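Asks: Quick one: the structure is below, and I'll ask about it shortly.
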Amino acid sequence: MLKDYTQTLDRLQMGLGRAYMRSPSILGIPGMSIAVKIDPNYYLAVMPAFIHRMAEWGGMFPDTAEDALMRTGNLITSGPDRDYLLELGVVWGIPPVTKRIRCALVLAEFVDRALRLHGRRAAPLPVADLRVIAADRERVDSFLDDKTPLDKTAFSSQI
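Under the UniProt record's numbering, the residues of the sequence shown are numbered 1 to 159, in order.
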């Protein structure tokens, strides 16, 4: 029998939307937020902070949140082991700040829907001023394999 993740996802989205209403800086601000939109299809989520905060806001254990996000395809995974962690170099701001972070890709539709339904936000968040360094493009493309690739504007040539 297949497990129904509808209630779990609803709780996660409700928790995220309410947390966003209290503190909009949780999303969209490079170097400060737990996730930022890097192209129209994906948010780059800082790990493990993203899973822990989502679980906290949804009133569940981190393993439950992680499992629901992975199994429903909202947390992008790769390979038979369903690995979702990436270590990527990212750059943002003026003057440019460059960091290597442990992160994951989350479907933008999941986050945008949470904000639309529970965060009183009519329009999706814009793509943030954060880019993955060009040297990591091959790693990201390989990770996404047969999934929608990141837009070319999600990458920077800065190291």
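By construction, the Cβ of each residue, glycine as well, lies at the ideal position given by its N, Cα and C atoms. Every value quoted in this text rests on a predicted model; they were computed, and no experiment measured them.
Could you name each continuous beta strand (DSSP E) segment of 3 residues or more that falls completely within the segment 90-136, going from the start of the chain to the end?
Replies: Within the segment 90-136, the complete beta strand (DSSP E) runs of at least 3 residues are 97-107, 130-133.
Asks: Determine the closest residue to D136 out of L107, R102, A65, with distance taken between C-alpha atoms.
Replies: For the purposes of this step, residue 136 is taken as residue 136 along the sequence shown, with counting starting at 1. The option with the nearest alpha carbon to D136 is R102.
Asks: Per DSSP, which one or two residues make a beta bridge with S156?
Replies: Mapped onto the sequence shown, residue 156 falls at position 156. Paired residue(s): I133.
Asks: Just mark A19 as buried or exposed, buried being the case when its beta carbon has 16 or more other beta carbons within 10 Å.
Replies: Here residue 19 is taken as the residue at index 19 of the sequence shown, counted from 1. It counts as buried.
Asks: Whole angstroms is fine: what's the gap from M14's alpha carbon to T148's?
Replies: The sequence position of residue 14 within the sequence shown is 14, counting from 1. The sequence position of residue 148 within the sequence shown is 148, counting from 1. Whole-angstrom Cα-Cα distance: 26 Å.
Asks: Do the CB positions of V127 and P40 come within less than 8 Å of each other?
Replies: Reading the sequence shown from its first residue, position 127 is the one you call residue 127. Reading the sequence shown from its first residue, position 40 is the one you call residue 40. In contact: V127 and P40 (Cβ atoms closer than 8 Å).
Asks: Pairs of beta-carbons, one from the segment 31-45 and one from the segment 104-115, closer than 8 Å: are there three or more?
Replies: Flag = yes, the segment 31-45 and the segment 104-115 touch.
Asks: Where DSSP assigns a beta bridge to L27, which residues make up the other side?
Replies: As a position in the sequence shown, residue 27 is number 27, starting the count at 1. Answer is A35.
Asks: State whether the segment 90-101 contacts the segment 61-72, with contact taken as three or more CB pairs (one from each stretch) at a distance under 8 Å.
Replies: Contact fails: fewer than three Cβ-Cβ distances are below 8 Å.
Asks: If you draw a straight line from the C-alpha of A134 to the C-alpha of D145, how long is it?
Replies: For the purposes of this step, residue 134 is taken as the residue at position 134 of the sequence shown. For the purposes of this step, residue 145 is taken as the residue at position 145 of the sequence shown. C-alpha separation (whole angstroms): 17 Å.
Asks: Between I38 and L150, is the Cβ-Cβ spacing less than 8 Å?
Replies: Numbered from its first residue, the sequence shown carries residue 38 at position 38. Numbered from its first residue, the sequence shown carries residue 150 at position 150. Yes, they are a contact pair.
Asks: Nearest to V140 by CA position, among R53, P124, S23, D83, is which residue?
Replies: In the sequence shown, the residue the question calls residue 140 occupies position 140. Per the Cα distances, D83.
Asks: Shortest alpha-carbon distance to I94 belongs to which of S157, A35, S23, D129?
Replies: Numbered from 1 along the sequence shown, position 94 holds the residue referred to as residue 94. Looking at the Cα atoms, D129 is the closest of the given residues.
Asks: Suppose you measure from the CA of D81 to the CA of A35; what does that come to, to the nearest Å?
Replies: To locate residue 81, count along the sequence shown from 1; it is residue 81. To locate residue 35, count along the sequence shown from 1; it is residue 35. Roughly 24 Å between the two C-alpha positions.
Asks: Look at the Cβ atom of F143, then the Cβ atom of L107, and state whether they are nearer than 8 Å.
Replies: In the sequence shown, counting from the first residue as 1, residue 143 sits at position 143. In the sequence shown, counting from the first residue as 1, residue 107 sits at position 107. Contact: no.
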